[in-house]
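Chains A and B, in that order, give the protein sequences.
Numbering (my numbering) for the first sequence: 4 to 209.
Numbering (my numbering) for the second sequence: 4 to 209.
There are 2 protein chains.
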Amino acid sequence: MNDRPAAASQPADTASRILDVAEGLAQTRGFNGFSYADIAAVLGIRKASLHHHFPTKAELGRALLERYAVAFGEALKAIDSDGGDAYDKLVRYVQLYDQVMVRDRLCLCGMLAAEYSTLPRPMQEAVRRFFEENERWLTKLVEEGRRGGSLRPGAPARDVARVLISALEGAMLLARSYEDPSRFSAVVQPMLADLRPGTLRKKRRK
Amino acid sequence: MNDRPAAASQPADTASRILDVAEGLAQTRGFNGFSYADIAAVLGIRKASLHHHFPTKAELGRALLERYAVAFGEALKAIDSDGGDAYDKLVRYVQLYDQVMVRDRLCLCGMLAAEYSTLPRPMQEAVRRFFEENERWLTKLVEEGRRGGSLRPGAPARDVARVLISALEGAMLLARSYEDPSRFSAVVQPMLADLRPGTLRKKRRK
DNA sequence: GTGAGACTACCTACTGGTAGGTAGTGGCCA
DNA sequence: TGGCCACTACCTACCAGTAGGTAGTCTCAC
């Protein structure tokens, strides 16, 4: 979830800095909750300069989602390659969300999902792709965990994946309304415990 | 979830009609996603007339939430008094959300939770109260179900309640992004099944 | 000397909100 | 029974501020 290295630790090019600010605003106030003027004020440049880099807000939003998806994809790849069993990987996946939470932000796509009907088409499609990607990755993970014995899903892997994503997104939403990030893990921990074999229950046919 | 009876089936007073339209817009586009002009256009009256009934948008929002909370509270009371075991009641609770989904809407408070940081204080507090109320009701229900044997929660009742609300709100968000309301029940059914005793698993200590 | 990236200076459309006015209704009392 | 008052519900016409966006100019490193 990092920006590119850029030779040394340069202050990053303007386009990236614009995206950084826009991302923060979008994750706290929503895509309709900020304006070019807001970004310009933070960066100390003029609105017109923003239009030089991102001609329209729709284009800015598209770029925002593209970068976000790439970063998220890389984070997933990192989890994949770092080893550990499926349960460990699931914990690391959840940490991805937690890292967003503690910065008082919402998952970008969770936020945009709420605003869905007001978004330009390309952004709608990008939001959907993001969730599909997550669902695919999680489904594979749950399947892997079932085979390896590190997870004990109580339903088909894809259903479990969907429940997880829904609960994660919902928990972020709720935790922020309570202005209490710890609520997030309070929701997530029971779910993880429930997926872990040999903690409380054991599977059995009726 | 009904308006007052009002003698016969009058077309409802203007204030209620304003709230009806505002509610629909807030649930589909968000509170920041509509303007007084939008409402006025739908109702065929002037913006200024809206201000006559609701001086500020903040006041309109407050009234919206108040009415919504009352209606929801009544719906919960109806579930309580209609009998059935805790599992049945939980199913009816979920149906409340489903009824919103099929109209292509989001739970009003779920939507407002996303916009939380941009809302006037009184609205923020009302959103939080709504979730607290739901959590309280659900916790009691899960407890009742555990005692009566119609539910088999895998965690403390309050945790289960929180997971349920989170997943429900998240599932609505996601289902709308997929433009497929049926996704909602695809998430909810496994959760309900998991809470139902004697279907797949049986509790056991390690 | 050219082109990327910033600027000044604007535009149009729309935001929430206000000022001031009018038509109609119901009560009340002389 | 007619006239006045207070009230509700709406109106037209406007306000300042902000939204996203554009045209044209300056600057300076390559």
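For glycine and all other residues, C-beta sits at the position ideal for the given N, C-alpha and C.
Small disclaimer: the values here were computed from a predicted structure and weren't measured.
Looking only at its chain, what residues have a beta carbon closer than 7 Å to the beta carbon of residue i, apart from the 5 residues adjacent to it on each side?
{"i": "Cys-112(A)", "result": "Val-130, Phe-133 and Phe-134"}
{"i": "Lys-50(B)", "result": "Tyr-39, Ala-40 and Ala-43"}
{"i": "Val-190(B)", "result": "Ala-170 and Ala-174"}
{"i": "Phe-187(B)", "result": "Asp-101, Met-104, Ala-174, Met-175 and Ala-178"}
{"i": "Ser-52(B)", "result": "none"}
{"i": "Thr-121(A)", "result": "Asn-35"}
{"i": "Leu-99(B)", "result": "Ala-78"}
{"i": "Leu-144(B)", "result": "Ala-89, Lys-92 and Leu-93"}
{"i": "Ala-18(A)", "result": "His-56"}
{"i": "Leu-22(B)", "result": "Ala-66, Leu-67 and Arg-70"}
{"i": "Val-24(B)", "result": "Ile-42, Val-45 and Leu-46"}
{"i": "Cys-110(B)", "result": "Tyr-100, Val-103, Glu-172 and Met-175"}
{"i": "Glu-128(A)", "result": "none"}
With a threshold of 16 other CB atoms inside 10 Å of the CB of residue i, please say whether the residue is buried or exposed.
{"i": "Lys-92(A)", "result": "buried"}
{"i": "Glu-118(B)", "result": "buried"}
{"i": "Ser-185(B)", "result": "exposed"}
{"i": "Pro-156(A)", "result": "buried"}
{"i": "Val-73(A)", "result": "exposed"}
{"i": "Pro-8(B)", "result": "Only weak support is given to the placement of Pro-8(B): the predicted model assigns it a pLDDT of 32, under 50, and the value that follows is read from those uncertain coordinates. By the neighbour-count rule (16 or more Cβ atoms within 10 Å), Pro-8(B) is not buried but exposed."}
{"i": "Ala-116(B)", "result": "buried"}
{"i": "Pro-1(A)", "result": "This structure leaves residue 1(A) out entirely; chain A is present only between 4 and 209."}
{"i": "Asp-162(A)", "result": "buried"}
{"i": "Glu-77(A)", "result": "exposed"}
{"i": "Gln-30(A)", "result": "buried"}
{"i": "Gly-47(B)", "result": "exposed"}
{"i": "Ala-164(B)", "result": "buried"}
{"i": "Arg-108(B)", "result": "buried"}
{"i": "Ala-89(A)", "result": "buried"}
{"i": "Gly-36(A)", "result": "buried"}
{"i": "Glu-172(A)", "result": "buried"}
{"i": "Ser-180(B)", "result": "buried"}
{"i": "Ala-81(A)", "result": "exposed"}
{"i": "Ser-84(B)", "result": "exposed"}
{"i": "Gly-33(B)", "result": "buried"}
{"i": "Gly-87(B)", "result": "exposed"}
{"i": "Gly-151(B)", "result": "exposed"}
{"i": "Gly-64(A)", "result": "buried"}
Taking the alpha helix (DSSP H) that residue i falls in, what are its first and last residues?
{"i": "Val-94(A)", "result": "89-104"}
{"i": "Pro-125(B)", "result": "124-151"}
{"i": "Pro-184(B)", "result": "Where Pro-184(B) is concerned, there is no enclosing alpha helix (DSSP H), given that its DSSP letter is neither H nor E."}
{"i": "Asp-23(B)", "result": "17-32"}
{"i": "Ile-48(B)", "result": "Taken as a continuous stretch (DSSP letters only), Ile-48(B) belongs to no alpha helix (DSSP H), as it is neither H nor E."}
{"i": "Ser-84(B)", "result": "60-84"}
{"i": "Gly-113(B)", "result": "111-117"}
I'd like the list of long-range same chain contacts for residue i, defined as Cβ closer than 6 Å, with 5 residues on each side in sequence excluded.
{"i": "Lys-60(B)", "result": "none"}
{"i": "Leu-79(B)", "result": "Trp-140"}
{"i": "Arg-208(B)", "result": "Residue confidence is low: Arg-208(B) scores 34 on pLDDT, short of 50, so the model does not pin down where it sits. Its coordinate-derived value is still stated next. Counting only Cβ-Cβ distances below 6 Å, and skipping sequence neighbours, we find nothing."}
{"i": "Glu-69(A)", "result": "none"}
{"i": "Arg-149(B)", "result": "Pro-156"}
{"i": "Glu-146(A)", "result": "Ala-160"}
{"i": "Pro-123(B)", "result": "Ala-61"}
Skipping 5 residues on each side, what residues in its chain have a beta carbon closer than 8 Å to that of residue i?
{"i": "Val-94(B)", "result": "Leu-195"}
{"i": "Val-97(A)", "result": "Leu-171, Val-191 and Leu-195"}
{"i": "Met-114(A)", "result": "Ala-29, Gln-30, Gly-33 and Phe-34"}
{"i": "Glu-138(A)", "result": "Arg-161, Ala-164, Arg-165 and Ile-168"}
Against chain A, which members of the region 106-134 of chain B pass a CB distance test of less than 7 Å? The region 106-134 of chain B vs chain A, Cβ under 7 Å: Leu-109, Gly-113, Met-114, Ala-116, Ala-117, Glu-118, Tyr-119, Ser-120, Thr-121, Val-130, Arg-131 and Phe-134.
Residues of the region 33-51 of chain B in Cβ contact with chain A at a cutoff of 7 Å, in chain order, please. Answer in chain order: Gly-33, Asn-35 and Gly-36.
Give the residues from the region 166-179 of chain A that approach chain B closer than 8 Å (Cβ to any Cβ), ordered along the chain. Listed in sequence order: Val-166, Ile-168, Ser-169, Ala-170, Leu-171, Glu-172, Gly-173, Ala-174, Leu-176, Leu-177 and Arg-179.
Selection of the region 74-108 of chain A by Cβ proximity to chain B, strictly under 7 Å: Taking a C-beta cut-off of 7 Å against chain B, none of the residues of the region 74-108 of chain A qualify.
By the 9 Å beta-carbon criterion, what residues does the region 191-202 of chain B contribute toward chain A? Within the region 191-202 of chain B, the qualifying residues are Val-191, Gln-192, Pro-193, Met-194, Ala-196, Asp-197, Gly-201 and Thr-202.
Quick one, which residues of the region 133-161 of chain B are near chain A if we go by CB-CB under 7 Å, in chain order? Residues Phe-134, Gly-157 and Ala-158.
The region 20-34 of chain B: positions lying closer than 7 Å to chain A by Cβ: Shown in chain order are the members of the region 20-34 of chain B whose Cβ falls below 7 Å from a Cβ of chain A: Thr-31, Arg-32 and Gly-33.
Against chain A, which members of the region 51-67 of chain B pass a CB distance test of less than 7 Å? Listed by position along the chain: nothing, the set is empty.
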